[in-house]
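Residue numbers (our numbering), protein chains in the order written: chain A, 4 to 365; chain B, 4 to 365.
Beta carbons are placed, not taken as given, at the ideal position from N, Cα and C, and that holds for glycine.
Here's the structure we're looking at; comments come further down.
2 protein chains.
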Amino acid sequence: MSEAQHSGVNVQGKRRATLSDVARRAGVSPVTVSRAIRHPEMVSELLRSRIEDAVRSLNYIPNHLASALASTRTHIVGVIVPSLTNGVFDDYLGAIQDVLNPAGIQVLVLNVRYSEIEEERAIATLLGYHPEAMIVAGTDQTERSRHMLKSSGVPVVQTMDVTDDPIDLNIGLDHGVAGAAAVRYLHAQGHRRIAHLTARADPRARRRHAGYLRAMEELGLSTRGLVAASPRPSDVAMGGALFSEVLAAVPDVSAVFTCNDDLALGTLFECQRRGIRVPEDVAIMGFNDLDFCVASVPALTSVSTERQKMGTWAAEAILEIIRGSGRRPSPASVEVGFSIKERASTGVVRTARAARKARARA
Amino acid sequence: MSEAQHSGVNVQGKRRATLSDVARRAGVSPVTVSRAIRHPEMVSELLRSRIEDAVRSLNYIPNHLASALASTRTHIVGVIVPSLTNGVFDDYLGAIQDVLNPAGIQVLVLNVRYSEIEEERAIATLLGYHPEAMIVAGTDQTERSRHMLKSSGVPVVQTMDVTDDPIDLNIGLDHGVAGAAAVRYLHAQGHRRIAHLTARADPRARRRHAGYLRAMEELGLSTRGLVAASPRPSDVAMGGALFSEVLAAVPDVSAVFTCNDDLALGTLFECQRRGIRVPEDVAIMGFNDLDFCVASVPALTSVSTERQKMGTWAAEAILEIIRGSGRRPSPASVEVGFSIKERASTGVVRTARAARKARARA
DNA sequence: GGCAGAAATGAAAGCGCTGTCAATCGCCCT
DNA sequence: AGGGCGATTGACAGCGCTTTCATTTCTGCC
């Protein structure tokens with residue numbers, strides 16, 4: 004619009020130094036500067052140091068956009084996460100970065116807040132940056148999202164969840180199985196009135212819910228009044244509210260399985276508030292095994308998932324494809340499983356080892 | 004390297020559609036396609052719909068890199084956060100996005116995990132994308148970071164903290180004052196042995212610590228054995244460990260002020276574990292006022308900060324500068340303050356209003 | 001009915017950088 | 001001493017797009 008833009012000048016009226024500026028200053032050609040930066044070994048020591056001086060004195064920072072455009076290598080990987088509120092995606096993102104950044108790849112992260120529409124937008128946005136790969140959380144993309152990802156032609160990794168029909172690569176766990184396993188664990192502890200609290204915004208939580216329902220049915224247990232759900236993203240206070248709902252319907256509920264640890268913590272607090280003893284009166288079991296599960300009183304039993312491993316695998320698979328010019332990792336789908344961390348909130352006051360023995364005896 | 008790259012072909016062997024492909028398909032010139040996308044009103048309805056069809060059938064997604072390069076408008080704002088583990092930066096980022104995204108600006112977020120070196124790297128990386136502005140958390144950038152930001156020529160907003168010597172714009176609060184206020188609040192409640200637990204990784208936490216020390220001194224109180232600190236980033240379990248340290252040194256500690264809510268929660272759990280009553284035996288006060296503070300039992304008193312407001316202000320200030328071609332917001336530095344949310348963990352079982360009255364009487 | 005002026009479209013140039021290929025230089029070997 | 005080789009450096013073109021300016025086409029109006 005204004006002439007300022009035409010001449011590449013920013014709002015402060017300064018123009019950022021370009022490769023050519025550096026070249027002029029160092030008395031070499033632009034290509035040589037480019038090489039001194041990208042492939043230092045190709046440039047003589049003399050020129051290299053002269054160029055380095057020029058770079059410093061001009062505060063030159065290469066224009067990644069121009070470099071990416073010219074080389075058709077963007078060194079960008081797009082990552083989509085549905086949330087940043089809890090520690091779950093922090094571990095995961097950290098693992099991805101720890102693999103990709105040292106390889107010179109920049110990770111662009113977009114948070115879509117559990118919204119499919121935001122996810123579609125985010126995918127389009129990220130693809131506009133021509134990433135060399137995409138990592139998306141979950142397997143519940145809309146048809147449009149799937150189509151965009153597929154036709155982008157870049158490797159796509161779906162994480163956190165497993166599916167029979169992956170877009171491309173897939174690593175995750177079966178949340179239905181995990182939900183059912185939680186129920187069976189509580190059942191094995193002697194519980195019959197097992198409640199489930201959940202926040203429906205998360206597709207994985209919906210799958211855990213389905214697993215809960217399936218397991219309850221298989222065990223011949225009624226779920227009447229035992230399920231409380233909210234359409235909003237979860238927080239700790241919601242745990243108390245949902246548990247209160249269940250309590251009103253089924254006063255003698257004996258165990259609560261929640262779709263995540265926030266709700267479990269909220270439930271624990273609600274029990275404290277009401278003078279309900281945990282685990283004597285009500286057992287509580289969360290999901291994700293966040294750091295506060297070990298710290299709370301009683302410590303919270305939770306289903307632990309391999310967040311870091313999923314991030315690492317996704318990133319390494321991408322690296323292999325990019326570096327190996329198209330070789331795909333095999334298998335292209337991996338199921339990582341989960342484990343139940345037994346703690347005092349479900350009555351396991353003994354050590355984990357003793358607990359295993361106890362179960363073996365049972 | 005391989006010829007695949009030279010011809011702009013990705014690992015799957017497909018080549019993504021370009022503007023020219025769309026133009027050819029629609030039987031128009033490339034410029035017209037560009038206009039149909041950026042300025043639809045400049046193109047006749049007939050051509051526009053023909054172009055839209057071509058776009059759809061080719062799955063065309065504009066190359067943001069090329070577009071940014073050609074227009075010298077990247078529509079990118081770089082944001083640096085020191086952490087994603089807790090809810091603090093989630094609110095803040097959400098606020099920034101809510102202002103910037105509707106304005107067509109993409110926010111690139113980099114998490115530097117409380118590391119100055121990572122921050123320097125992140126700043127260089129982001130500047131490589133030629134953002135139209137930068138938002139950084141805190142005012143503790145290294146000299147190199149400051150220099151890069153200044154010489155970039157783009158507007159820079161430092162948030163979360165205040166400083167006499169801002170790089171450019173600044174919005175935040177005085178954490179020293181906030182820390183001191185917390186101490187004075189506890190003092191007013193009758194506490195004398197006031198402990199402080201802190202994680203030193205966070206510069207704002209260090210400032211709150213300084214405020215604590217200053218206030219304690221002003222009140223003529225000893226801090227001997229009352230401070231426990233860890234160099235690592237905080238988590239809930241750390242709260243229990245640090246509190247235990249203090250307890251060993253000063254068994255009759257009467258109040259604990261922590262640098263954040265995670266440590267406060269950990270302290271609360273440790274009290275529960277040891278049978279220490281809160282607030283009767285020990286009062287607990289956190290910082291940030293995260294969602295679990297209202298849910299816990301007892302609810303945690305905490306210092307509430309204007310995270311969203313800081314994000315919103317930063318984003319709006321940037322928008323004004325970008326849109327207004329250089330006009331700066333005034334004032335260029337804003338202090339947002341804080342407020343103490345009184346809850347049961349510091350003995351305030353009555354309503355906040357009654358509490359105010361009680362203090363007025365005292 | 002013909003011309004001013006607006007509206008719609010296109011041609012050309014270039015954003016900042018990198019890949020390719022060509023040119024130059026010095027040095028070793030026979 | 002001449003040829004050849006590797007090591008350096010540079011010229012040129014072009015990545016995909018937008019901006020500018022020129023051209024064409026279509027109005028309306030005296």
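Have a look at Arg18/B and Ala57/A and give me their C-alpha separation to the nearest angstrom.
Their backbone Cα atoms lie some 38 Å apart in a straight line.
On the three-state DSSP scale, how would you describe Ala204/A?
Looking at Ala204/A - three-state DSSP - the assignment turns out to be coil, as it is neither helix nor strand.
Would Phe171/B be called buried (16 or more neighbouring beta carbons within 10 Å of its own) or exposed?
Reading the sequence as shown, one finds Asp at residue 171/B and not Phe. The Cβ neighbour count for Asp171/B, taken over all protein chains shown within 10 Å, is at least 16; the residue is labelled buried.
Note down, in chain order, each residue of its chain lying with its Cβ closer than 7 Å to the Cβ of Ser23/A, except the 5 sequence neighbours on either side.
Within the same chain, Ser23/A has close Cβ partners Pro33.
Using a beta-carbon distance below 8 Å, is Ile197/A in contact with chain B?
At a cut-off of 8 Å between C-beta atoms, Ile197/A does not count as an interface residue with respect to chain B.
Proximal chain B residues relative to Asp93/A, where beta-carbon distance stays under 7 Å:
When 7 Å is used as the limit between beta carbons, Asp93/A is near these residues of chain B: Leu87 and Thr88, in chain order.
Does the beta carbon of His194/A come closer than 8 Å to any beta carbon on chain B?
Interface flag for His194/A against chain B is unset, since no Cβ pair is found closer than 8 Å.
Rounded separation between Ser52/B and Gly30/B - CA only
Straight-line Cα distance between these residues: approximately 12 Å.
To the nearest angstrom, how far is the alpha carbon of Gly163/A from that of Val300/A?
Sequence check: residue 163/A is Met here, not Gly. Rounded to whole angstroms, the separation of the alpha carbons of Val300/A and Met163/A is 29 Å.
Sheet register partners of Asn291/A (DSSP bridge):
Bridge partners of Asn291/A: Ser307/A.
Based on the DSSP output, what are the partners of Arg227/A in its beta bridges?
Arg227/A is not bridged to any residue.
Identify whether Gln8/B lies in helix, strand or coil by the three-state DSSP scheme.
Model confidence at Gln8/B stands at a pLDDT of 35, short of 50, so the residue's coordinates are unreliable; what they give is reported in the following sentence. Secondary structure of Gln8/B (DSSP, three-state): helix.
Where the segment 140-168 of chain A meets chain B: residues whose CB sits under 8 Å from a CB there:
Going along the segment 140-168 of chain A in chain order, one finds His150, Met151, Ser154, Ser155, Gly156, Val157 and Pro158 with a Cβ nearer than 8 Å to chain B.
Check whether the Cβ atoms of Ala258/A and Ala198/A lie closer than 8 Å to each other.
Yes, these two residues count as a Cβ contact at 8 Å.
Mind checking Met45/B: buried by the 16 CB within 10 Å criterion, or exposed?
Exposed, by the Cβ-count rule.
Compute the distance between the beta-carbons of Arg217/A and Ala183/A, then report whether it is under 8 Å.
With respect to Ala183/A, Arg217/A sits close: the two C-beta atoms are nearer than 8 Å.
Can you tell me whether Ser118/A is buried or exposed, with buried defined as 16 or more other CB within 10 angstroms of its CB?
That one is exposed.
Ignoring anything shorter than 3 residues, give me the beta strand (DSSP E) runs that lie fully in the segment 109-164 of chain B, in order along the chain.
The segment 109-164 of chain B is shown to contain whole beta strand (DSSP E) runs of 3 or more residues at 109-114, 136-140 and 159-164, in chain order.
Report the start-end ranges of each beta strand (DSSP E) in the segment 50-97 of chain A that is 3 residues or longer and not cut off at the edges.
If we require 3 residues or more, the beta strand (DSSP E) runs fully inside the segment 50-97 of chain A come out as 79-84.
Just reading off the beta strand (DSSP E) that Trp176/B is part of, what are its end residues?
In the sequence on display, residue 176/B carries Leu and not Trp. First-last of the beta strand (DSSP E) with Leu176/B: Leu172 to Leu176.
Thr21/A, DSSP secondary structure in three states
Looking at Thr21/A - three-state DSSP - the assignment turns out to be coil, as it is neither helix nor strand.
Check whether the segment 95-107 of chain B and the segment 303-323 of chain B are in contact - that is, three or more C-beta pairs closer than 8 Å.
Contact between the segment 95-107 of chain B and the segment 303-323 of chain B is present, because at least three Cβ pairs lie under 8 Å.
Are Arg203/A and Arg209/A close, meaning C-beta to C-beta below 8 Å?
In this structure, Arg209/A lies closer than 8 Å to Arg203/A by Cβ.
Limits of the unbroken beta strand (DSSP E) element including Ala258/B:
Ala258 to Thr261 is the extent of the beta strand (DSSP E) around Ala258/B.
Chain-ordered neighbours of Asp56/B on chain A, where CB pairs are closer than 8 Å:
Ordered by position in chain A, no residue passes the 8 Å Cβ test against Asp56/B, which lies about 16 Å from the chain.
If you count every other CB in all the chains shown that lies within 10 Å of the CB of Ile79/B, and 16 or more means buried, which is it?
Here Ile79/B is buried: its Cβ has 16 or more other Cβ atoms, across all protein chains shown, within 10 Å.
Measure the alpha-carbon distance for His9/A versus Leu72/B and round it to whole angstroms.
The predicted position of His9/A is uncertain, since its pLDDT is 38 and thus under 50; a value taken from the coordinates is nonetheless stated next. The alpha-carbon atoms of His9/A and Leu72/B are separated by roughly 11 Å.
Which residues, in chain order, does the segment 274-288 of chain A contribute to contact with chain B at a C-beta distance below 8 Å?
So the list reads Gln275 and Arg276, given in the order they occur along the chain.
Does Arg19/B have its Cβ less than 8 Å from a Cβ in chain A?
True, the Cβ-Cβ gap to chain A drops below 8 Å.
Can you give the Cα-Cα distance for Ala7/A and Ser305/B, rounded to whole angstroms?
Per-residue confidence for Ala7/A stands at a pLDDT of 35, beneath the threshold of 50, marking its modelled position as unreliable; no derived number is given.
Could you name the residues of chain B that Asp264/A contacts, counting a contact when the two beta carbons are closer than 9 Å?
Under the 9 Å cutoff, chain B gives no residues; its nearest Cβ is about 11 Å from Asp264/A.
Taking the CB atoms as reference points, tell me whether Ile64/B and Ile126/B lie closer together than 8 Å.
Taking the C-beta atoms as reference points, Ile126/B is found no nearer than 8 Å to Ile64/B.
Compare the C-beta of Gln311/B against all C-beta atoms of chain A and say whether one is closer than 8 Å.
Taking a beta-carbon distance threshold of 8 Å, Gln311/B does not count as an interface residue toward chain A.
Is there at least one Cβ from chain B nearer than 8 Å to Tyr117/A's Cβ?
By this cut-off, Tyr117/A is not an interface position.
Those residues which DSSP pairs with Glu338/B across a bridge:
According to DSSP, Glu338/B bridges with Gly175/B.
Thinking C-alpha only, which one of Met313/B, Gly289/B, Arg310/B and Gly314/B is nearest Ala302/B?
Checking every option, the nearest Cα to that of Ala302/B belongs to Gly289/B.
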